[in-house]
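Worksheet for the structure shown next.
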Amino acid sequence: MLDIKFLRENPDIVKENIKKKFQDKKLPLVDEVIELDKELRDSRLKGDTLRAERNSKSSEIGNLMREKKVEEANAIKAEVSKINEELLEIEEKETKLAEEIKTKMMVIPNIIDDSVPLGKDDTENVVNEVYGEPIVPAFEVPYHADIMAKLNGIDKESAGRTSGNGFYYLMGNVARLHSAMISYARDFMIDKGFTYCIPPFMIRSDVVNGVMSFAEMEAMMYKIEGEDLFLIGTSEHSMIGKFKGQLLKEEELPLTLTSYSPCFRKEVGAHGIEERGIYRVHQFEKQEMVVLCKPEDAMDWYNKMWSYTVEFFRSLDVPVRTLECCSGDLADLKVKSCDIEAWSPRQQKYFEVGSCSTLGDAQARRLGIRAKGANGNYLVSTLNNTVLATPRGLIALLENNVNEDGSVNVPVALRPYMGGIEKIEPVK
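For the sequence shown, our numbering puts the final residue at 433, and the numbers step up evenly by one.
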C-alpha cells in the first residue's frame with residue numbers, strides 16, 4: 006500500500022505507474038482518494054477546532070460555577086453538549102472516510118522499479134541469464150509421473166480416494182529424495198547465515214491482508230470454516246506477519262530468515278491439474294527465505310537472494326535461468342520480481358521452480374513494521390524468495406538426473422541425506 010502523502014503529492018506518478026501495469030480501470034481511484042483525503046483532513050481540522058472550543062468553554066463553566074453564576078454556566082453547558090453531538094457525527098464521518106480511503110488504497114499498485122520491463126502479462130517476461138547447459142539426452146525422457154512410477158514412488162489413485170484431484174502420495178526412495186531436498190535446502194540457507202524457522206501454518210485475516218493483494222488471496226487461500234484463520238500458501242505470510250506492529254532496532258537489521266512449511270493453495274483457474282502428474286497441486290512443501298532490511302539495502306538483498314536459488318539448483322545438477330517479470334505480471338504489492346526456471350529435458354523448455362520479490366515498504370506499511378533509527382522511525386523493506394518448492398523442484402531433479410534404464414542419479418549434495426545412496430534403481 007502506498008503512502009497517502011506520496012499519492013497526494015505525486016498523483017501523476019501514481020497514475021503513470023498504473024498505466025505501466027496496464028490497469029487503467031484503476032486510474033479513477035487516484036482522484037477519488039485525493040478527494041476523500043481532502044474531505045477527511047477538512048473534517049479533522051473542523052473537529053480540532055470544535056475540541057479547542059469545547060475545552061475553552063469547559064474552563065469557562067468552571068470559572069462561572071466558582072462565581073456562583075449557575076444560569077450562565079448551564080447555558081454554556083448546553084453549548085458544550087451541542088459541540089459534543091457535532092463531534093460525535095464528525096468522528097463517525099472520519100471513521101467512514103478513513104475506511105473508504107484504505108479500501109481504495111489497498112488496490113492501488115505499488116510503484117514498480119525503473120528497471121522492470123514493460124509488458125501486459127507473463128508472455129512478455131524477459132530472460133535474464135541462463136546457468137548450466139540445457140542438455141537433451143539421446144533417449145526420450147519420460148513424463149515425471151512415469152519416472153516416479155518406475156521407482157514405485159507415487160500413488161495418485163489412493164490420494165484421489167482420500168483427498169481428490171490435486172493430491173498425491175510419495176513413496177519409498179522418491180519420498181526420501183523429496184525430504185532430502187528439503188533438508189538440504191534448509192542447511193544450504195543456514196550456511197548462508199539465515200536463521201532457520203518453522204512458522205505457524207495458519208494465519209489470521211489481518212495478516213493475510215497485510216502480506217498480499219485481495220486478488221491473490223481469493224485465488225490462493227483456503228479459509229478455515231467458522232474461524233478467522235487461513236491455511237498459508239507460503240511461509241512468507243507467517244514470517245512477515247511475525248513482525249506485525251513491531252518497532253525493530255536498526256542495528257539488528259537485516260533480519261535474514263529461512264523457513265520451512267507445508268503450503269496449501271486452491272489453484273483457482275489453474276489449467277492442467279493433471280491426473281497423473283504433480284506439477285500443479287493443492288499441497289506442497291517449501292523452503293523460503295525472507296529478509297527485512299533498510300530500504301537502501303533492499304536491491305542488494307534482492308540480487309543476493311535470487312542468486313542463492315540459482316546456486317542451490319546448480320548444486321543439484323539442474324540447469325536454470327532467471328526470468329525478469331514484466332510490469333503487467335507483477336502482483337500489486339511488488340516493486341520488482343524474477344522467476345527462477347528449471348530446464349525440462351522432456352519438454353525441452355524451462356518451467357518455474359521459484360520466485361524472488363522485493364516489495365518495498367508495502368507489507369511493512371500494512372502491518373505496521375518499523376525500525377528505530379538515529380533520525381527517527383521508518384518502515385522497513387521486505388523481500389521473499391523461494392529456495393525450494395517441491396514436488397515441483399523434485400520434478401526438475403528427476404528429469405535432469407534420470408537414466409535411460411529408468412534409474413535416477415542422486416546428486417552428490419543429497420547423498421548424505423539419502424544414507425549414501427548414489428542411484429535409485431527401478432523397482433521390478
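C-beta atoms are modelled at their ideal positions from N, C-alpha and C, and glycine is treated no differently.
By DSSP, does residue i sit in helix, in strand, or in coil?
i	result
residue 335	coil
residue 277	Caution is warranted here: a pLDDT of 49 is assigned to residue 277, below 50, making its placement in the model unreliable, and no coordinate value can be reported.
residue 173	coil
residue 378	strand
residue 156	coil
residue 421	helix
residue 289	strand
residue 365	coil
residue 429	strand
residue 130	coil
residue 73	coil
residue 400	helix
residue 269	strand
residue 356	strand
residue 148	coil
residue 81	helix
residue 313	helix
residue 68	helix
residue 414	strand
residue 136	strand
residue 329	strand
residue 307	helix
residue 408	coil
residue 228	strand
residue 394	strand
residue 388	strand
Can you name the residues that DSSP bridges to residue i?
i	result
residue 86	Beta-bridge pairing links residue 86 to no other residue.
residue 104	Per DSSP, none; premise fails for residue 104.
residue 14	Note: residue 14 sits in no beta bridge, so no partner.
residue 383	376
residue 6	Bridge partners of residue 6: none, in fact.
residue 351	DSSP, once it has assigned bridges, lists no residue as partnering residue 351.
residue 345	327 and 359
residue 262	200 and 295
Using 8 Å for Cβ pairs, my map puts residue i next to residue j. What's the rounded Cβ distance?
i	j	result
residue 307	residue 388	6 Å
residue 332	residue 116	Not really, about 11 Å apart at Cβ, beyond 8 Å.
residue 213	residue 207	The Cβ separation is near 10 Å, so there is no contact.
residue 517	residue 111	In the structure displayed, the chain extends from 6 to 433; residue 517 sits before or after that span and is not available.
residue 412	residue 430	5 Å
residue 258	residue 298	5 Å
residue 183	residue 400	About 10 Å; that fails the 8 Å criterion.
residue 253	residue 376	5 Å
Any alpha helix (DSSP H) of 4 or more consecutive residues that is wholly inside the segment 159 to 208: Correct list: 161 to 167 and 177 to 196.
May I have a chain-ordered list of the alpha helix (DSSP H) segments no shorter than 4 residues that lie completely inside the segment 234 to 260? Here the runs fully enclosed are 240 to 246.
Given 8 Å as the limit, is there contact between the segment 350 to 364 and the segment 392 to 403, that is, 3 or more CB pairs closer than that? The segment 350 to 364 makes contact with the segment 392 to 403; the number of CB pairs closer than 8 Å reaches 3 or more.
Report yes or no: do the segment 262 to 270 and the segment 237 to 244 share at least 3 C-beta pairs separated by less than 8 Å? Because the criterion of three Cβ pairs below 8 Å is met, the segment 262 to 270 and the segment 237 to 244 touch.
Would you say the segment 321 to 332 touches the segment 410 to 419, given that touching needs at least three Cβ pairs under 8 Å? Yes: at least three Cβ pairs fall under 8 Å.
Determine contact between the segment 367 to 377 and the segment 166 to 180, defined as no fewer than three beta-carbon pairs at a distance below 8 Å. Touching, no, given that fewer than three Cβ pairs across the two stretches are closer than 8 Å.
Count the C-beta pairs between the segment 102 to 115 and the segment 39 to 59 that are closer than 8 Å, then say yes if the count reaches three, no if not. Yes: the two stretches touch, three or more of their Cβ pairs being nearer than 8 Å.
Given 8 Å as the limit, is there contact between the segment 94 to 103 and the segment 282 to 289, that is, 3 or more CB pairs closer than that? The segment 94 to 103 makes no contact with the segment 282 to 289; the number of CB pairs closer than 8 Å stays below 3.
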